[in-house]
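Participant: Position one of the sequence shown corresponds to residue 5 (this note's numbering), numbered consecutively onward. All C-beta atoms, glycine included, are put in the ideal place defined by N, C-alpha and C. Just so we're clear, the structure is a prediction, and the values are computed from it rather than from any experiment. This is the structure, below, for whatever I ask next.
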Amino acid sequence: MDEFKGAKAFLMIPPSISRDKELLKKPKSIILMGEIISMLNVTGDFHMSNKTLANILDASVQSVNDWLNLLEQKGLIVREQITVPAKNPKSEKSKIILGRKIKAGPSLVKLSLLGWTSPLDEGSKAELSGVVKPTLHKYNNLIDHGNRTSNSSSGRRREEDPEREQIYKQFFQLARMHDKIKGKTTTPSFDEIKQLRSLLYRINIDTLNAVVSKFDMKMQWNMLNDPFAYLLKMLRDGLAIDKDSESWGK
Numbered sequence: 005m006d007e008f009k010g011a012k013a014f015l016m017i018p019p020s021i022s023r024d025k026e027l028l029k030k031p032k033s034i035i036l037m038g039e040i041i042s043m044l045n046v047t048g049d050f051h052m053s054n055k056t057l058a059n060i061l062d063a064s065v066q067s068v069n070d071w072l073n074l075l076e077q078k079g080l081i082v083r084e085q086i087t088v089p090a091k092n093p094k095s096e097k098s099k100i101i102l103g104r105k106i107k108a109g110p111s112l113v114k115l116s117l118l119g120w121t122s123p124l125d126e127g128s129k130a131e132l133s134g135v136v137k138p139t140l141h142k143y144n145n146l147i148d149h150g151n152r153t154s155n156s157s158s159g160r161r162r163e164e165d166p167e168r169e170q171i172y173k174q175f176f177q178l179a180r181m182h183d184k185i186k187g188k189t190t191t192p193s194f195d196e197i198k199q200l201r202s203l204l205y206r207i208n209i210d211t212l213n214a215v216v217s218k219f220d221m222k223m224q225w226n227m228l229n230d231p232f233a234y235l236l237k238m239l240r241d242g243l244a245i246d247k248d249s250e251s252w253g254k
């Protein structure tokens, strides 16, 4: 896999990061954070070496490592070593370090859920991105974080229904269908996530599947400017239809 050479268009830096007093004392740490967020948000991968980062930022490798330490201390990133077992290990625990991967830390996840404007507080340990192998990078773990936050904030603990959870993930996949064409990321607000979680378990499965089909059709034709607002409207309409059907059956 070729190494990333940096963002090509612009860096994504949330205001709460660019105005952080501690980071402002080391301004290149803010630029570094922008490089990381931009890569995570576009590709889901960040495996740029410290040496490459040092060249981009016109700094020493040690300085880059210091900035990464600071970002990790603030909960903005999480670093993990990529290792393989040694060929001739001196012990069972002997491993060869191939490099490191960077994932979003809890504070960055919380910022993304709150529209990039919240103060940096410790949030969930959910990952925004699994960095070495591409997946649906941002939303896979944003969804998990929303699940926990919504359920705990309502004071209810419900058994998760695999079929409903799969539909929930489908909603996010469909909502982001045209992100590359539009050149922007479709991101639900924290309130929209809570509403979505609530409606998910109040609507009949058949109604949910019908909503998925209609939402898919609308997105295929690129007909929606605000996918999540439209999705919530369909779900509320579906809930009303379900309630009417139940009242007729009484």
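Give, in chain order, every unbroken run of the alpha helix (DSSP H) that is at least 4 residues long and sits entirely within the segment 174-254.
Facilitator: Taking only runs of at least 4 residues, the alpha helix (DSSP H) segments lying wholly in the segment 174-254 are 183-186, 194-204, 209-224, 231-253.
Participant: Report the rounded CA-to-CA distance for Gln77 versus Ser42, giving the unit in angstroms.
Facilitator: Their backbone Cα atoms lie some 20 Å apart in a straight line.
Participant: Identify the residues that DSSP records as bridge partners of Arg83: which are they?
Facilitator: Per DSSP, Ile106.
Participant: What residue range is occupied by the uninterrupted alpha helix (DSSP H) comprising Ile60?
Facilitator: Unbroken alpha helix (DSSP H) run through Ile60: 54-61.
Participant: Please look up how many angstroms separate the CB atoms of Trp71 and Leu36, rounded, as I've assumed it's under 8 Å.
Facilitator: Right, their Cβ atoms sit about 5 Å apart.
Participant: Could you check what DSSP says for Lys30 in three-state terms: helix, strand or coil?
Facilitator: The answer is coil: DSSP assigns Lys30 none of H, G, I, E or B.
Participant: Beta-carbon within less than 7 Å of Leu102's beta-carbon, same chain only, minus the 5 sequence neighbours each way: which residues are those?
Facilitator: The residues are Ile86, Thr87, Val88.
Participant: Among all the DSSP beta bridges, which residues are the ones paired with Ile100?
Facilitator: Ile100 is bridged to Val88.
Participant: DSSP on Ile17, reduced to helix/strand/coil?
Facilitator: Three-state result, Ile17: coil.
Participant: Give me the Cα-Cα distance between Gly109 and Gly79, rounded to the nearest whole angstrom.
Facilitator: Near 5 Å, if we compare the C-alpha coordinates of Gly79 and Gly109.
Participant: Helix or strand or just coil, what does DSSP make of Ser111?
Facilitator: Here Ser111 sits in helix by DSSP.
Participant: Going by Cα to Cα distance, which pick from Glu169, Ser53, Gln199, Lys99 is closest to Arg83?
Facilitator: With distances taken between Cα atoms, Arg83 lies closest to Ser53.
Participant: Skipping 5 residues on each side, what residues in its chain have a beta carbon closer than 6 Å to that of Gln199?
Facilitator: Counting only Cβ-Cβ distances below 6 Å, and skipping sequence neighbours, we find Leu236.
Participant: Check Asp24 in the structure and name its three-state DSSP category.
Facilitator: In this structure, Asp24 counts as coil in the three-state DSSP scheme.
Participant: Quick one: is Lys107 buried, meaning 16 or more other Cβ sit within 10 Å of its Cβ, or exposed?
Facilitator: Lys107 comes out buried.
Participant: Check this for me: beta carbons of Ile207 and Leu243, under 8 Å apart or not?
Facilitator: In contact: Ile207 and Leu243 (Cβ atoms closer than 8 Å).
Participant: Could you tell me whether the segment 164-173 touches the segment 223-233, using the rule of 3 or more Cβ pairs below 8 Å?
Facilitator: Touching, no.
Participant: On the DSSP letters alone, give me the boundaries of the alpha helix (DSSP H) that Asp70 sits inside.
Facilitator: Note, Asp70: alpha helix (DSSP H), 65-77.
Participant: Taking 8 Å as the cut-off, decide whether the C-beta atoms of Tyr172 and Leu204 are in contact.
Facilitator: Yes, the pair counts as a contact, with Cβ atoms nearer than the cut-off.
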